[in-house]
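Structure first, commentary second.
Protein chains in written order, with my numbering: chain H, 3 to 154; chain C, -8 to 383.
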């Protein structure tokens, strides 16, 4: 099947298609996924100047301190950018279309953003700048993700 | 940047370009290099540098020809090289290398190439991933994006930035459509373009969404292709066949975040820095520019470059395009070969080569009358570059 015809590609199910891509944590990033599994969102924070660092890095890019530690954040955010995916580029998402892929800005720091999905919110209510709150969801066996919905 | 130490482009060439070309990367590169040498009236013995970018779109299959600058110089029978380099993020990488090498005096005549092969269509890739027995493990920064379904560059390079541009500035789908239509009109006059049928706004709005608001017609067309441009000193340029085209200014920029999802500012990314540096190095201004060839991997990238380069104000690219300024006959014709959406994803090289054709006065029905100054630009997001070229 070809995308040139204009029809979205499809594929049959398999063991792989029951799971989205799965994180392969490293010593630097494991804290994030362990925290999410417990229903908390943690971001590395510089213990010297208070700057939040994400994606995880071993150094604070504001003050060069290498003393960074995970801190739990509130889960409050605003919607920075979003899109409704209408074509799947991975088998797991074939029957999840359309899904809302988003980048949200966490309340703790200007410019501190994570990639996520907007869920439990009617499509017409999803608007740039809207207030969001976090919700943790097990999307596949053993894989919990931090997702966001319209703030109450 | 006047004077005998200027850099000039003296030869351009393309390989056969299209999907499933059946050509290896070496064959593509050789075709483009021979075409550029012939265009310049040059032999490989005139070259003393090779700067290139090679790659496939998608996972590289086993046994693939790898085009490497030193080896490629050897294949062409060049003498010892004084410059050999590989650089990205697109064709602008090798071009900047050539300019830097020549201006520094390390080399005098550099062959630049971008060789790209589209190995699999999205449907084929999807099917091959579906055949894998285990879930896909993702490391690095992608572990924070792929599990949420950020699994195509379209979503993070184009869709989310386009939506944010609409949210911030009121840009409309019809304004995106106006660009697509204007560009296709140029393509209809370019025998080298793959898509040439004129488009209407109805055609654009009926084109299916890949990820809102990006439509199929907003996307460049993956192909197998090689493109070559030869640069030399302004002094040596007089020895060769074509009217030289001069490099007036160049810039090559990166912003602080590595992935498109986490870019510091989705609507003002590295093109804004690249443009500031570009204008600093020249006495020319945006008002002096006759035509612009701006990377159109996706429509929104053109819109960002229009604003970054100062052809219109921040957030004003939608109305600027809608008013017809970038169309044929407008004040700033853009992508006069039809852009990568219509000539194929040559990954940045066509913007340079079309600038050269325009400044030589050989663009036929697409010719911008009396074109003397062109700007071409590549990439967006974390990395980008731009160049001003002049006919005199």
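Glycine residues also receive a C-beta, built at the ideal position from the N, C-alpha and C atoms.
Since we're looking at a predicted model, the values are computed, not measured.
In the three-state DSSP reduction, residue 214 of chain C falls in the coil class, being neither helix nor strand.
With contacts defined as CB atoms closer than 8 Å, residue 328 of chain C and residue 357 of chain C qualify as a contacting pair. Contact check for residue 25 of chain H against residue 138 of chain C passes: the beta carbons are separated by less than 8 Å. For residue 200 of chain C, the pairing in a beta bridge is given by DSSP as C:206. Closer than 9 Å at the C-beta level to chain C, one finds these residues of the segment 17 to 35 of chain H: 17, 18, 19, 20, 21, 22, 23, 24, 25, 26, 27, 28, 31, 34 and 35. In the structure shown, residue 223 of chain C falls within a strand segment according to DSSP collapsed to helix, strand and coil. Each of C:229, C:272 and C:293 was checked against the Cα of residue 209 of chain C, and the nearest Cα belongs to C:293. Taking 8 Å as the cut-off, the beta carbon of residue 62 of chain C is found no closer than this to the beta carbon of residue 16 of chain C. The C-alpha of residue 141 of chain C is placed about 14 Å away from the C-alpha of residue 131 of chain C.
Beyond the five residues adjoining it in sequence on each side, residue 78 of chain C comes within less than 8 Å, by CB distance, of 42, 44, 84, 85, 87 and 88 in the same chain, given in chain order. Counting only Cβ-Cβ distances below 8 Å, residue 41 of chain H has no contacts in chain C at all, with the closest Cβ about 17 Å away. Between the segment 235 to 242 of chain C and the segment 270 to 284 of chain C there are three or more inter-stretch CB-CB distances shorter than 8 Å, so the stretches are counted as touching. Membership of residue 48 of chain H in the beta strand (DSSP E) is indicated by the continuous run 44 to 48. At a Cβ-Cβ threshold of 8 Å, residue 100 of chain C and residue 37 of chain C count as neighbours.
In this model, residue 199 of chain C and residue 126 of chain C are separated by some 29 Å (Cα to Cα). Across the structure, residue 319 of chain C and residue 118 of chain C are spaced so that their CA atoms are roughly 41 Å apart. Within its own chain, the residues whose Cβ lies closer than 7 Å to the Cβ of residue 20 of chain C, once the five positions on either side in sequence are excluded, are 58, 63, 104, 106 and 217, listed in chain order.
Between the alpha carbons of residue 149 of chain H and residue 157 of chain C lies a gap of roughly 24 Å. Between residue 31 of chain H and residue 134 of chain C, the gap from beta carbon to beta carbon is short of 8 Å. When only Cα atoms are considered, residue 279 of chain C and residue 363 of chain C end up about 9 Å apart. With contacts defined as CB atoms closer than 8 Å, residue 3 of chain C and residue 181 of chain C fail to qualify as a contacting pair. In the three-state reduction of the DSSP assignment, residue 56 of chain H falls in the coil class.
Under the Cβ criterion of 8 Å, residue 115 of chain H is counted among the residues facing chain C. In this structure, the beta-carbon distance from residue 153 of chain H to residue 127 of chain H does not fall below 8 Å. Between residue 130 of chain H and residue 99 of chain H, the C-beta gap is not smaller than 8 Å, which leaves the two residues out of contact. In the DSSP assignment, residue 357 of chain C forms no beta bridge with any residue. The C-beta of residue 87 of chain H comes closer than 8 Å to at least one C-beta of chain C.
Interface flag for residue 118 of chain H against chain C is set, since a Cβ pair is found closer than 8 Å. Residues of the segment 266 to 291 of chain C with a Cβ closer than 9 Å to any Cβ of chain H: none. With its beta carbon at least 8 Å from every one in chain C, residue 134 of chain H lies outside the interface.
Residue pairing of residue 84 of chain H in beta bridges, as defined by DSSP: H:104. Residues 242, 243, 244, 299, 368, 375, 376 and 377 of the same chain have their beta carbon placed closer than 8 Å to that of residue 265 of chain C, with the five preceding and five following residues left out of the count. At a cut-off of 4 residues, the continuous stretches assigned as alpha helix (DSSP H) that sit fully inside the segment 6 to 74 of chain C are 16 to 31 and 60 to 66.
Scanning chain H for C-beta atoms nearer than 9 Å to the C-beta of residue 155 of chain C yields 82, 83, 84, 105 and 130, reported in chain order.
DSSP places residue 72 of chain H outside any alpha helix (DSSP H); the residue lies instead in the beta strand (DSSP E), whose first and last residues are 70 to 74.
Taking C-alpha positions only, residue 325 of chain C is separated from residue 191 of chain C by approximately 18 Å.
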